[in-house]
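First comes the structure, then the notes that go with it.
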Amino acid sequence: MTRRDQELLDRQLRGLYIQPPPTGTMILAIMAVFVAGLFLGNVRSEAREPVHFDTVETALSAPSGLNPAQTVVR
57 MTRRDQELLD RQLRGLYIQP PPTGTMILAI MAVFVAGLFL GNVRSEAREP
107 VHFDTVETAL SAPSGLNPAQ TVVR
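First residue of the sequence shown? That's 57 in my numbering, and the numbers climb one at a time after it.
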């Protein structure tokens, strides 16, 4: 690129200045999306029927007749 090309490009781009949004605005927008996600997740989870995992309790208990302190979990 020659010096003249550079000068022409500088003149064309002189009026084109895009200012980034203020940092505070971006932080507020991100926090608003985060809080909205928490709220919607909470509403969605309350709308469903609670799930009970009886099998987890059985799987973690010691076999009958054994001392849980001597049981090795692998």
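For each residue, glycine too, the CB sits at the ideal point set by N, CA and C.
Which residue comes first and which comes last in the alpha helix (DSSP H) that contains Q75? Premise fails: Q75 is in no alpha helix (DSSP H) and is neither H nor E.
Taking only three categories from DSSP, how would you classify T58? coil
What is the rounded straight-line gap between the Cα of A103 and the Cα of L96? 11 Å
Consult DSSP for E63 and reduce its assignment to one of helix, strand or coil. helix
From R70 to R59, what does the alpha carbon distance come to, in whole angstroms? 16 Å
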